[in-house]
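Peer 1: Counting along the sequence shown from 1, when you hit position 35 you're at 43 in our numbering, and nothing is skipped either side.
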Amino acid sequence: MSHPRIMVLGVQPGVPPFRIVEIDGEVVGSARTLTDVLRVAAAKGITVHDLDDPDTVRWVGGDKFTWTRSRSR
């Protein structure tokens, strides 16, 4: 299994909900949208060409379209 530089963790409660972004194992920010993930990565010098590439980004607790918490919790 690869170890992508970018990891987007599961949705956290908030108004609006957000996801924590880690780069190289360090928490570097939060994201409320896909665009936020790209901005955080760019701020750290990483250009993302494919958000679906598991060698680039690991999505934890949902995919790139998951930005709200499940109601079953």
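C-beta atoms are modelled at their ideal positions from N, C-alpha and C, and glycine is treated no differently.
In the DSSP assignment, find the unbroken alpha helix (DSSP H) run with Val48 in it and report its ends.
Peer 2: In the sequence shown, the residue the question calls residue 48 occupies position 40. Residues Leu42 to Ala51.
Peer 1: Taking the beta strand (DSSP E) that Arg27 falls in, what are its first and last residues?
Peer 2: As a first step, residue 27 must be located in the sequence shown, where it is residue number 19. Element bounds for Arg27: Phe26 to Ile31.
Peer 1: Would you please state the rounded distance, in angstroms, between the beta carbons of Trp67 and Val19? I believe it to be under 8 Å.
Peer 2: Position 59 of the sequence shown, counted from the start, is the residue given in the question as residue 67. Position 11 of the sequence shown, counted from the start, is the residue given in the question as residue 19. Not confirmed; about 11 Å, so no contact.
Peer 1: Under 8 Å between the Cβ atoms of Lys72 and Leu46?
Peer 2: One-based indexing of the sequence shown puts residue 72 at position 64. One-based indexing of the sequence shown puts residue 46 at position 38. It is not a contact, given that the beta carbons lie outside the stated cut-off.
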